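Engineer: Take the sequence shown: its letters are residues 9 to 922, numbered as in our numbering. Even for Gly, the Cβ is constructed at its ideal location relative to N, Cα and C. Bear in mind that the values here come from a model prediction, so they are computed numbers and not experimental data. A single structure is presented below for examination.
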Amino acid sequence: MRVSAELLNRNRGGAARAAAPDLVGGPSDRQTWSLLARSHDLARAGKHLEAPDSYGVILTGDRGIGKSGLARAVVASLGPKVHSLQLRNTLAGGQTPYGCLGFLLARLPSEAVSTPTGILHSVTSLIRAEAAGRQTVFIVDNAGGMDPMSTGVLLNLMATGTAKVIATVQRASDLPADFHRLVLEGQLGEVHLNTLTEEQTKQVLGSVLGHYVSSTLVGSLHSAVGGNPMLLHALLDEQRHSGNLVLNDSVWTLRDRIKLEGATVVEDFVRSRLAREPQTNRTVIEILACAQRATLVDLAAIFSTETLVEMEESGFLTIDRAGEHWVSLRDPYLGEVVRGWLSTRRRRELWLMLLGPKEPELEGLAPQDLLSYAAWMHACEDEPSPSPAHALAAGRAALDDYDPNFAIQCTLSLDPKDPEWVPGQRVKAAAYLMLDLPLHAAQALDEVTEDQLAALEPVEFAEIMAAKCQAMTWIDGRSGMVPGVIAEANAALDDMEARAGHGARAFRLARNRMRLCNYEYQTYMGEYARIIEDLEAELQQDPDFDREHWLRSGFFLIEARCILGRELEAQQLARSMSQALREAGSPAPLEEALARHAFLALLLSGQWRKCIELMRRAPSKPSRLQFRGAITELGIGLAYAYAGKPSSAIEPLRSAAAQLELRPAMNLVKVAYAATAFAYAQLGNSLEAGRYLDLYRTCRGTGTFFSESVAGFCADMAGRWMGDPDVKQRLLAKVREDFDNQRFTTAGICLFGATVEGTDAEYRLLEDIAGNRQGPLAEISGQLARGSLGRSSKALLAAADAAAALDLLVVEARCVAMALDFARDAGETTTARTAQLRLERLEQSVSALPIQPRSDAPVLTERERQIAKLAGKGVSNREIAMDIGVSVRTVEGHLYQVFTKLGVSSRGELNGLL
9 MRVSAELLNR NRGGAARAAA PDLVGGPSDR QTWSLLARSH DLARAGKHLE APDSYGVILT
69 GDRGIGKSGL ARAVVASLGP KVHSLQLRNT LAGGQTPYGC LGFLLARLPS EAVSTPTGIL
129 HSVTSLIRAE AAGRQTVFIV DNAGGMDPMS TGVLLNLMAT GTAKVIATVQ RASDLPADFH
189 RLVLEGQLGE VHLNTLTEEQ TKQVLGSVLG HYVSSTLVGS LHSAVGGNPM LLHALLDEQR
249 HSGNLVLNDS VWTLRDRIKL EGATVVEDFV RSRLAREPQT NRTVIEILAC AQRATLVDLA
309 AIFSTETLVE MEESGFLTID RAGEHWVSLR DPYLGEVVRG WLSTRRRREL WLMLLGPKEP
369 ELEGLAPQDL LSYAAWMHAC EDEPSPSPAH ALAAGRAALD DYDPNFAIQC TLSLDPKDPE
429 WVPGQRVKAA AYLMLDLPLH AAQALDEVTE DQLAALEPVE FAEIMAAKCQ AMTWIDGRSG
489 MVPGVIAEAN AALDDMEARA GHGARAFRLA RNRMRLCNYE YQTYMGEYAR IIEDLEAELQ
549 QDPDFDREHW LRSGFFLIEA RCILGRELEA QQLARSMSQA LREAGSPAPL EEALARHAFL
609 ALLLSGQWRK CIELMRRAPS KPSRLQFRGA ITELGIGLAY AYAGKPSSAI EPLRSAAAQL
669 ELRPAMNLVK VAYAATAFAY AQLGNSLEAG RYLDLYRTCR GTGTFFSESV AGFCADMAGR
729 WMGDPDVKQR LLAKVREDFD NQRFTTAGIC LFGATVEGTD AEYRLLEDIA GNRQGPLAEI
789 SGQLARGSLG RSSKALLAAA DAAAALDLLV VEARCVAMAL DFARDAGETT TARTAQLRLE
849 RLEQSVSALP IQPRSDAPVL TERERQIAKL AGKGVSNREI AMDIGVSVRT VEGHLYQVFT
909 KLGVSSRGEL NGLL
């Protein structure tokens, strides 16, 4: 493949980005794409074809799914032992006798084609002559369009054993009747090809593009084309030509969202699908392309029921079987392409056809329908914009759908004189924050005048002030001004209440919003001890009075409890809040907020598997992937890095870093850099670790306390693995700061990392901190500290067992290595042997031991270990010698070495040691 030499500008310290390589084009190449992920289907089809009692195999599946490519691959896999012929059926050929066999008939003498019997015998003789004793296989494309005479010839060839068939068709029921009967009787096998799963899509992209492939790229492409391999190839090529597909630091990702408008091959595919559809069917598709969905009742009032049923059976529509029976296009890409073709006038016609001239009632619109309506109206340039109420609601719905650009577009139609304008500025500010443009967010809020502020209801006033605080938090140098803004807002609320212009409920709700703003700021700063009592009090309040406030307060309490050492209580609260969210049917932003705080609690408690499970449950809509896909991959990579599994961490971490360089979010790129350095350092790759540490050190901006803590810890631990002598003092400084602020969990984690070579005073502090914490990590830290202070191998092995229960292999190895040293010092021979063998097993699973025992015990060779295992199971020396092909004397010599090295005196002692 040819790689473009164009290097794009560096951004925020990231590596150079290059345009994507040219992809091999052409229909044949597109058809073979799916083969990269269809080895199972290939094997099944080949098995059917080679079975002695089989006439062949039928490949079924949707158009463009890769049936023809798989058919040719099956034949190619059989090699030179088969003679293959390809038959193509066309619409015209299906009306012509012997249409697909025309090229064979042209080679027969004129007297041989005068009768059907003569044709049959002549074709049979010709095929047998050319096959020269090999098995003949016909590849029959579009077998459903085969004419009766060709069908008869093929049936005879199969029945006489002259040839087998591998045929493609969308559905087995589309086959000629006799072929379909053979399928039902099992004489023709059937392999149905489904669209590619997301995992298969990733496999295909990785095979074709090379390097790492981001989850955003995989999820967006898979969703855009529904897993269709042919369209996947075409769309990927379109993204390359448009410059949207980029290689950033060896990671393939997208600059922006995928747009199908102008995607030539995809548009051609859609045109060909619609070409033979009647105008009525095309109108249904056009309406659903704009509305995205409509009730069956509404569509049935315009079109006949037969039309809708036929379109569902043809694979154009999907109809819900419950509720209001919503109807939508089965393939979303079809709607996006068709929508791009429609003129403003045609959109207006379709709108009037479905909705009539009146604006729909806002209360009756679901968020999805509201967004469709707003997009429809904005596309009709000569039509009035949606009403202010509809525009504001659509902006909020767009934010929930992770479409900040459309949210901003919705608010632009609002007039400063509209009551909805001020709330619209909040929506605009939130959209700018999602785009990581805090200055723009602050400017949008600054446009609200003093007079407008003074005229606001208490709750809206509090919302505006809280939004200002959120924007200021993320602007360099302004976060320190937030407490002053909160105080001013509370004072203003006091003045408003003194004037008694509003009810008590309104002021209580407004003060709730400002309290929540304070909790958010204190959490950002890491001042958990200041708010923990207030958060606990919030949890006791009636959740029905202000449910969102109660939920968000609970989310902050999860984080506060965890950081302050109450990890088990934090996890319990996270489960309770998750249940409350499910019962309330809360929107996506609340679910994301809970996931963020729950992830923190799980990560700092050592529950790395649950972290990964939580991240993988995140919604995979393309709009969300564009703005949160990198954060999801960062979470997965962090979990692996903290668990001591650097090989699994590298890909998601590098992918996250590459995406965050292109689309920054909450200053998290520094976390990605530091964590990637940590993972590479654990692997012993100092070059890459140093490169990512350099990127980390050049980062500007500050994140939340948690993200800064994680980034600093990962950077320091990377330095420790690389032998930086200053790391310990940096970690101890963080320990002292966290301990002084009662942040026992982060203090304990940092101290655990700092005490790889610890002093008694440091171990006493570690034990003290562990006493202020909950959960298995606290138990491990406490046992490690007590074992180190008391030089107790028993306590250290107990810590190792607790680490093994969490599958924290690096922590387990550290505890076992220390236990081995203390057991040797104390003359505990059996314990030392057990620890030595356990450490040897761990060495096979971890990239490098965090510490080495002071003096290595003798290590068994592979042959000695093999013989010792057999001897421990009671196998005699003679049987061992016969099994492994050596002499009995050799076995005896190896066993002598084993007994000497391990300090055992009988074969029975070997069982359990190995």
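(1) Just the Cα atoms here: how many angstroms apart are R799 and D833?
(2) Taking the CB atoms as reference points, tell me whether T209 and H230 lie closer together than 8 angstroms.
(3) Is D339 buried or exposed, if buried means 16 or more other CB atoms sit within 10 Å of its CB?
(4) So, are the CB atoms of L762 and C722 less than 8 angstroms apart?
(5) From the DSSP output, in three-state form, read off L903 for me.
(6) Skipping 5 residues on each side, what residues in its chain have a beta carbon closer than 7 angstroms to that of Y650?
(7) Cα separation between G511 and I566?
(8) When you compare only the Cα positions, how much space is there between D328 and V335?
(9) Tell me the DSSP secondary structure of M403 in three-state form.
(10) Measuring alpha carbon to alpha carbon, tell me which residue in H605, L676, I875, A439 is nearest I639.
(11) If distances are taken between C-alpha atoms only, which option among A81, S122, A151, E58 comes closest to L95?
(12) Taking the CB atoms as reference points, tell me whether G534 and R728 lie closer together than 8 angstroms.
(13) Could you give the C-beta distance for A827 and A813, rounded to a whole number, given that I count them as a contact under 8 angstroms?
(14) Jot down the residue ranges of each uninterrupted alpha helix (DSSP H) in the segment 472-513, minimum 4 residues, whole runs only, in chain order.
(15) Nearest to E58 by CA position, among V145, G779, F277, G227, is which residue?
(16) When you compare only the Cα positions, how much space is there between P184 and V191?
(17) Taking the alpha-carbon positions, what's the A81 to V233 distance?
(18) Assuming H219 contacts L255 (C-beta within less than 8 angstroms), just tell me the rounded distance between them.
(19) Let me check one thing: in DSSP terms, what residues is S92 bridge-paired to?
(20) Going by DSSP in three states, N289 sits in which element: helix, strand or coil?
(21) Relative to the C-alpha of P427, which candidate in L464, D444, A402, L453 has its C-alpha closest?
(22) By a C-beta neighbour count over all protein chains shown, 10 Å radius and 16 as the cutoff for buried, is P124 buried or exposed?
(23) Where T104 and Q417 are concerned, what is the direct C-alpha to C-alpha distance, given to the nearest angstrom?
(24) Taking 8 angstroms as the limit between beta carbons, can you name the residues of its chain near E332, skipping five residues before and five after?
(25) Going along the chain, which unbroken runs of the alpha helix (DSSP H) with 4 or more residues stay wholly within the segment 809-892?
(26) Could you round the C-beta distance between A497 and M473 to whole angstroms and report it? I think they count as a contact, below 8 angstroms.
(27) Using only CA atoms, which one of G756, Q791, L422, E765 lies nearest to N780?
(28) Can you list the beta strand (DSSP E) stretches of 3 or more residues lying completely in the segment 128-205, in chain order?
(29) I'd like the span of the alpha helix (DSSP H) that includes L325, first residue to last.
(30) So who's on the other strand from V220, going by DSSP bridges?
(31) Classify M361 as buried or exposed, calling it buried when 16 or more other Cβ atoms lie within 10 Å of its own Cβ.
(32) Please name the residue or residues paired with G64 in a DSSP beta bridge.
(33) So the beta strand (DSSP E) L337 belongs to, where does it begin and stop?
(34) For E659, collect the residues of the same chain with a Cβ closer than 7 angstroms to its Cβ; drop the 5 residues on either side in sequence, then sort them by chain order.
(35) From the DSSP output, which residues share a beta bridge with A647?
(36) Would H129 be called buried (16 or more neighbouring beta carbons within 10 Å of its own) or exposed?
Structural biologist: Straight from the coordinates:
(1) What you label residue 799 is simply residue 791 of the sequence shown in a count that begins at 1. What you label residue 833 is simply residue 825 of the sequence shown in a count that begins at 1. So the two alpha carbons sit approximately 9 angstroms from each other.
(2) In the sequence shown, counting from the first residue as 1, residue 209 sits at position 201. In the sequence shown, counting from the first residue as 1, residue 230 sits at position 222. A contact, by the Cβ cut-off of 8 angstroms.
(3) Position 331 of the sequence shown, counted from the start, is the residue given in the question as residue 339. With at least 16 other beta carbons inside 10 angstroms of its own, D339 counts as buried.
(4) Position 754 of the sequence shown holds residue 762. Position 714 of the sequence shown holds residue 722. A quick correction: the sequence has Ala, not Leu, at residue 762. Cβ atoms of A762 and C722: not closer than 8 angstroms.
(5) Position 895 of the sequence shown holds residue 903. Residue state, collapsed to three classes: helix.
(6) As a working note, residue 650 is residue 642 in the sequence shown. Taking C-beta separations shorter than 7 angstroms and ignoring five residues to either side along the sequence, the partners of Y650 in its chain run L611, W616, following chain order.
(7) For this step, residue 511 is matched to residue 503 along the sequence shown. For this step, residue 566 is matched to residue 558 along the sequence shown. For G511 and I566, the distance between alpha carbons rounds to 32 angstroms.
(8) Within the sequence shown, numbered from 1, the residue matching residue 328 stands at position 320. Within the sequence shown, numbered from 1, the residue matching residue 335 stands at position 327. Those two C-alpha atoms are separated by around 7 angstroms.
(9) By 1-based counting over the sequence shown, the position of residue 403 is 395. A small correction: the amino acid at residue 403 is Gly; Met does not occupy that position in the sequence shown. When DSSP states are grouped into helix, strand and coil, G403 belongs to the helix group.
(10) Start at 1 with the first residue of the sequence shown, and residue 639 comes out as number 631. Ranking H605, L676, I875, A439 by Cα distance to I639 puts L676 first.
(11) Residue 95 sits at position 87 when you count from the first residue of the sequence shown. Nearest in C-alpha terms to L95, of all of A81, S122, A151, E58, is A151.
(12) Stepping through the sequence shown from its first residue, residue 534 is reached at position 526. Stepping through the sequence shown from its first residue, residue 728 is reached at position 720. No, the pair does not count as a contact, with Cβ atoms beyond the cut-off.
(13) In the sequence shown, the residue the question calls residue 827 occupies position 819. In the sequence shown, the residue the question calls residue 813 occupies position 805. Not really, about 16 angstroms apart at Cβ, beyond 8 angstroms.
(14) The qualifying runs are 490-506.
(15) Working through the sequence shown from its first residue, we reach residue 58 at position 50. Looking only at V145, G779, F277, G227, the smallest Cα-Cα distance to E58 is reached by V145.
(16) Position 176 of the sequence shown holds residue 184. Position 183 of the sequence shown holds residue 191. Their Cα atoms are separated by approximately 11 angstroms.
(17) Position 73 of the sequence shown, counted from the start, is the residue given in the question as residue 81. Position 225 of the sequence shown, counted from the start, is the residue given in the question as residue 233. Each residue's alpha carbon lies about 24 angstroms from the other.
(18) By 1-based counting over the sequence shown, the position of residue 219 is 211. By 1-based counting over the sequence shown, the position of residue 255 is 247. Going by Cβ atoms, the distance from H219 to L255 rounds to 6 angstroms, so yes, they are a contact pair.
(19) On the sequence shown, position 84 is the one that residue 92 refers to. For S92, which the question treats as bridged, DSSP gives the partners V145.
(20) What you label residue 289 is simply residue 281 of the sequence shown in a count that begins at 1. N289: helix per DSSP, three-state reduction.
(21) Numbered from 1 along the sequence shown, position 419 holds the residue referred to as residue 427. Per the C-alpha coordinates, the member of L464, D444, A402, L453 positioned closest to P427 is L464.
(22) Position 116 of the sequence shown, counted from the first residue, corresponds to residue 124. Burial is judged here by how many other beta carbons sit within 10 angstroms of a residue's own beta carbon; P124 has fewer than 16 and is exposed.
(23) As a working mapping, residue 104 is identified with position 96 in the sequence shown. As a working mapping, residue 417 is identified with position 409 in the sequence shown. So the two alpha carbons sit approximately 57 angstroms from each other.
(24) Here residue 332 refers to the residue found at position 324 of the sequence shown. Excluding residues within five positions, the ones whose Cβ falls inside 8 angstroms are T303, L304, V305.
(25) The qualifying runs are 817-833, 837-851, 870-880, 885-892.
(26) Translated into positions along the sequence shown, residue 497 becomes position 489. Translated into positions along the sequence shown, residue 473 becomes position 465. Taking a contact as a CB-CB distance under 8 angstroms, the pair A497 and M473 counts as one, their CB atoms being some 4 angstroms apart.
(27) Residue mapping note: residue 780 aligns to position 772 of the sequence shown, counting from 1. Ranking the options by Cα distance to N780, first place goes to G756.
(28) If we require 3 residues or more, the beta strand (DSSP E) runs fully inside the segment 128-205 come out as 143-149, 171-177, 196-200.
(29) For the purposes of this step, residue 325 is taken as residue 317 along the sequence shown, with counting starting at 1. L325 -> not in any alpha helix (DSSP H); beta strand (DSSP E) instead, spanning 325-327.
(30) As a working note, residue 220 is residue 212 in the sequence shown. One point to set straight first is that residue 220 is Tyr, not Val, in the sequence displayed. In DSSP, Y220 forms a bridge with V259.
(31) Here residue 361 refers to the residue found at position 353 when the sequence shown is read from its first residue. A residue is called buried once 16 or more other Cβ atoms fall within 10 Å of its Cβ, and M361, having fewer, is exposed.
(32) What you label residue 64 is simply residue 56 of the sequence shown in a count that begins at 1. Among the bridge pairs identified by DSSP, G64 is matched with V173, L196.
(33) Residue 337 sits at position 329 when you count from the first residue of the sequence shown. Start and end: 334-337.
(34) Against the sequence shown, residue 659 aligns to sequence position 651. Excluding positions up to five away in sequence, the list reads Y220.
(35) On the sequence shown, position 639 is the one that residue 647 refers to. Per DSSP, A647 has no beta-bridge partner at all.
(36) For the purposes of this step, residue 129 is taken as the residue at position 121 of the sequence shown. Burial call: exposed.
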